[in-house]
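The block underneath contains the structure these notes are about, expressed in structure tokens.
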Amino acid sequence: MITDRSRAGDAIETVIDYLVPTSRINRRFWAPGREVNTGVYAPYPVTIRNARLAPEPFTLDTHGFAIARHRSAVRDFRDAAAVRDYPDEVAAVAKALTGCDLVLPMGGQLRSPVISGASVQPPAAEAHVDFNTATAHRVARALYDRAVPGGAGYSRFICFSLWRTFSPPPQDWPLALCDCRSVGDEDAVANVKVDVDETPEGDALYAPIEGEEAMSAATIFHHNPAHRWWYFPDMTADEVIFIKFHDSDHGRAWRAPHTAFHDTTRPDAVTRESYEFRAIAYFR
2 MITDRSRAGD AIETVIDYLV PTSRINRRFW APGREVNTGV YAPYPVTIRN ARLAPEPFTL
62 DTHGFAIARH RSAVRDFRDA AAVRDYPDEV AAVAKALTGC DLVLPMGGQL RSPVISGASV
122 QPPAAEAHVD FNTATAHRVA RALYDRAVPG GAGYSRFICF SLWRTFSPPP QDWPLALCDC
182 RSVGDEDAVA NVKVDVDETP EGDALYAPIE GEEAMSAATI FHHNPAHRWW YFPDMTADEV
242 IFIKFHDSDH GRAWRAPHTA FHDTTRPDAV TRESYEFRAI AYFR
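This is how it looks when you write it as structure tokens:
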């Protein structure tokens, strides 16, 4: 039986959480099944436009993100055994989209706004990029040296995520992506990632952490009305979004802020379940 599905509009007027200007100690504590941010965020009004209706296609080097067709051999992304070979699929997509010579995997993550568990994280709910510049260079070098000891090196790299949803459309928490060209360096702030078994509470969240300056950090953003946000409504299981976290060539679009947002315009929306896989693409 075929049923009618609500239609996506040209744009959605909603809010996205941004870091407030007065937030000073910005950390993200990551525990199994739970994230806690010390940064102070506030919702700011934004327009998120329908990328499927855009006058030009989205490309990695112009916008920092792109959508592509990819039918995965994985039938159940919740099954750890089923995704064992998925890194090979990610590498093939990355090589086709970027022309890179080598792809080294980092790992995958399930996300859902309602399903909990040690292997499932909630959708990220603030404007962010998963790495900052220092972290991207450090991780890219360490990963390459470990995988290719004594290798010839690389002239460029892209830290990226390949994102997909495997719940049917329309999804209740789609992914919003910001055009790199609309984001200024002055908008960005480091957010240090602190891995813990259990998240601390109270004053312990803000206590000094030895070696914090050497820890990995994401990038979070202050609001800027110039930011141009887009989303791809009604994504299917055979579509993926390639998101640049950091391209070492800053002469191109080199990062794409992104976040989940709650789409309340679709009365028949279903619970989003998604899988993202992080990796680094290298160029000789």
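The opening residue of the sequence shown carries number 2 in the numbering used here; numbering runs sequentially from there. Glycine included, C-beta positions come from ideal geometry on N, C-alpha and C. Just so we're clear, the structure is a prediction, and the values are computed from it rather than from any experiment.
Is it a yes or a no for the segment 205-223 touching the segment 87-105, going by three-plus beta-carbon pairs under 8 angstroms?
Short answer: they don't touch.
Look at the alpha carbon of Ala137 and the alpha carbon of Asp11, and state the distance between them as a whole number of angstroms.
Taking the straight line from one Cα to the other gives about 35 angstroms.
Rounding to the nearest angstrom, what Cα-Cα distance links Asn258 and Asp186 in this structure?
Rather than Asn, the amino acid found at residue 258 in this sequence is Pro. Answer to the nearest angstrom: the Cα atoms are 12 angstroms apart.
Taking 8 angstroms as the cut-off, is the C-beta of Lys245 nearer than that to any heavy atom in the ligand FAD?
The ligand FAD is not part of this structure, which contains no ligands at all.
What residues are listed by DSSP as bridge partners for Leu20?
The secondary-structure analysis by DSSP pairs Leu20 across a beta bridge with Tyr42, His223.
3 or more residues per run - each beta strand (DSSP E) lying fully within the segment 152-185
Taken in chain order, the complete beta strand (DSSP E) segments of 3 residues or longer contained in the segment 152-185 are 157-166, 176-179.
Candidates Asp188, Ala74, Val94: which alpha carbon is nearest Leu105's?
Minimum Cα-Cα distance from Leu105 among the listed residues Asp188, Ala74, Val94 corresponds to Val94.
Using the rule of at least 16 other Cβ atoms within 10 Å of the residue's Cβ for burial, across every protein chain shown, is Arg182 buried or exposed?
Result: exposed.
Give the DSSP-derived three-state secondary structure of Ala189 in the structure shown.
If DSSP states are grouped into helix, strand and coil, Ala189 belongs with the strands.
Cβ-Cβ separation, Thr260 to Arg35 (assumed contact under 8 angstroms), whole Å:
Arg35 to Thr260, Cβ: 18 angstroms. No contact.
Measure the alpha-carbon distance for Ala81 versus Met107 and round it to whole angstroms.
Cα atoms of Ala81 and Met107: separation of roughly 15 angstroms, rounded to the nearest angstrom.
On the premise that Val149 lies in contact with Arg28, defined as a C-beta separation below 8 angstroms, what is that separation, rounded to the nearest angstrom?
Their Cβ separation, rounded to whole angstroms, is 33 angstroms, which puts Arg28 and Val149 out of contact at 8 angstroms.
Which first and last residues belong to the alpha helix (DSSP H) in which Val140 is found?
That run of the alpha helix (DSSP H) goes 134-148.
Can Pro171 and Arg267 be called in contact, C-beta distance under 9 angstroms?
Cβ atoms of Pro171 and Arg267: closer than 9 angstroms.
Distance check for Leu144 and Ala126, CA to CA, integer angstroms please.
So the alpha carbons of these two residues sit roughly 28 angstroms apart.
Flag this pair as yes or no: are the beta carbons of Phe246 and Gln110 separated by less than 9 angstroms?
In this structure, Gln110 does not lie closer than 9 angstroms to Phe246 by Cβ.
If you drop the 5 nearest sequence neighbours on each side, which residues of the same chain put their C-beta closer than 6 angstroms to that of Val21?
Excluding positions up to five away in sequence, the list reads Val41, Ala43.
In whole angstroms, give me the CA-to-CA distance for Leu61 and Phe222.
Taking the straight line from one Cα to the other gives about 20 angstroms.
Report the option in Asp198, Thr23, His64, Ala69 whose CA atom is closest to the CA atom of Asp248.
Of the candidates Asp198, Thr23, His64, Ala69, the one whose C-alpha sits nearest the C-alpha of Asp248 is His64.
Taking the alpha carbon of Ser168 as the reference point, which residue from Ala189, Pro234, Ala227, Cys160 has its own alpha carbon closest?
Nearest C-alpha to Ser168: Pro234.
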